[in-house]
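I have placed the structure first, in the form of structure tokens, so that the comments after it can refer back to it.
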Amino acid sequence: MLDRFTSSPEPETVSDIWRSVSAVCFDVDSTICEDEGIDVLAEHCGAGKAVQEWTIKAMNGDVKFEDALAARLDIIKPSRQDIQDCLAQHPPKFTPGIKKLIAVLREKDIAVFLVSGGFRLMIEPVAEKIGIPLYNIYANTIFFDRDGKYNGFDDAELTARDGGKAKAIEVIKRIHGYKKIAMVGDGVTDLQARPPADLFVGFGGIVTRDVVKEVPRASALHQHGRLPTLRMARKSAKHERFVRCRLVKQTT
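Numbering (my numbering), first residue to last: 2 to 253.
Laid out in structure tokens, this is it:
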């Protein structure tokens with residue numbers, strides 16, 4: 002996927018920008034994977050519709066992420082066994098081409114992180130299947146009592162609130178000393194990560210969210226007065242289509 006990125010001529014090309022990053026942080030739901038993990042869990046627990054409505058609001062920025070997270074978990078109240086059964090019955094559905102992209106990044110010694118508002122218990126199996134170390138996951142933690150029943154979540158996690166992904170990237174930069182990091186995702190919480198992320202790629206291959214597509218000029222300044230268009234070739238046995246993405250350079 003990486004070698005298929007194209008752009009109209011710019012002073013600094015897409016390839017130049019990608020070659021300069023030391024790490025790439027990916028959202029998981031509707032980016033690494035085709036579905037929203039919390040919606041899959043909710044459906045498994047019989048609370049699909051009510052939870053999905055909250056998910057849409059959160060990803061579009063209509064409510065604070067922390068409020069949506071608390072509301073959805075209060076509806077589902079998943080036990081440890083619920084999550085284990087859900088993972089067994091609904092294994093991750095990876096976005097076509099994403100495994101190859103991550104493999105190419107790693108071959109180029111570009112570190113890969115998963116920065117998600119989802120749950121660590123559901124993201125760890127995803128990371129293991131694509132070769133990402135578990136310590137490179139920034140996600141939310143669910144608490145259980147001694148019987149394995151739902152007992153709340155850790156609201157101190159960086160990704161448990163609006164602006165949390167930006168905080169996570171600040172931590173990643175500080176710990177590892179990376180000079181340039183890219184954030185790839187589909188929702189408003191991913192958009193919030195730039196800055197401190199040096200690049201933001203709004204991935205619309207699964208869901209196109211207006212709040213991400215229509216990036217305000219103030220946060221999307223470009224030398225030619227527009228955003229460059231990034232196209233990633235995506236093939237399946239039945240068809241070939243192009244997924245349109247947005248890449249935003251950090252203003253300086």
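Just so it is clear, CB atoms sit at the ideal spot from N, CA and C, and this is done for glycine as well.
By the three-class DSSP mapping on this structure, what secondary structure does residue i have?
i      : result
Gly49  : helix
Gly165 : helix
Ala112 : strand
Pro217 : Since pLDDT at Pro217 reaches only 45, below the 50 mark, its modelled position is unreliable, and the value read off the structure follows with that caveat. The answer is coil: DSSP assigns Pro217 none of H, G, I, E or B.
Give me the DSSP bridge partner(s) of residue i.
i      : result
Asn141 : Phe120
Ala183 : Val25, Leu200
Tyr151 : Phe145
Could you give the residue range of the alpha helix (DSSP H) that holds residue i?
i      : result
Cys34  : Where Cys34 is concerned, there is no enclosing alpha helix (DSSP H), given that its DSSP letter is neither H nor E.
Phe66  : 66–77
Thr190 : 189–192
Asp83  : 81–90
Is residue i near residue j, with beta carbons less than 8 Å apart?
i      : j      : result
Ile124 : Ser23  : no
Asp28  : Asp156 : no
Ala183 : Val41  : no
Lys58  : Ala69  : yes
Asp163 : Thr190 : yes
Gly165 : Ala140 : no
Phe154 : Leu74  : yes
Arg81  : Gly149 : yes
Phe114 : Ile76  : no
Leu192 : Phe201 : yes
Pro126 : Leu88  : yes
Glu264 : Ala161 : It is not possible to answer for residue 264, since the shown part of the chain is limited to 2 through 253.
Could you tell me how far apart the beta carbons of residue i and residue j are, in whole angstroms, since I believe they sit closer than 8 Å?
i      : j      : result
Glu35  : Thr96  : 6 Å
Ala128 : Ala167 : Contact flag wrong, Cβ pair sits at about 21 Å.
Val116 : Ile33  : Wrong, their Cβ atoms sit about 11 Å apart, outside the cutoff.
Lys130 : Pro79  : With 8 Å as the limit, Lys130 and Pro79 do not qualify as a contact, their Cβ atoms being about 21 Å apart.
Verify the contact flag: residue i, CB atom, against every heavy atom of the ligand MG, threshold strictly below 7 Å.
i      : result
Ala169 : Ligands in the displayed structure: none, and consequently the ligand MG is not present.
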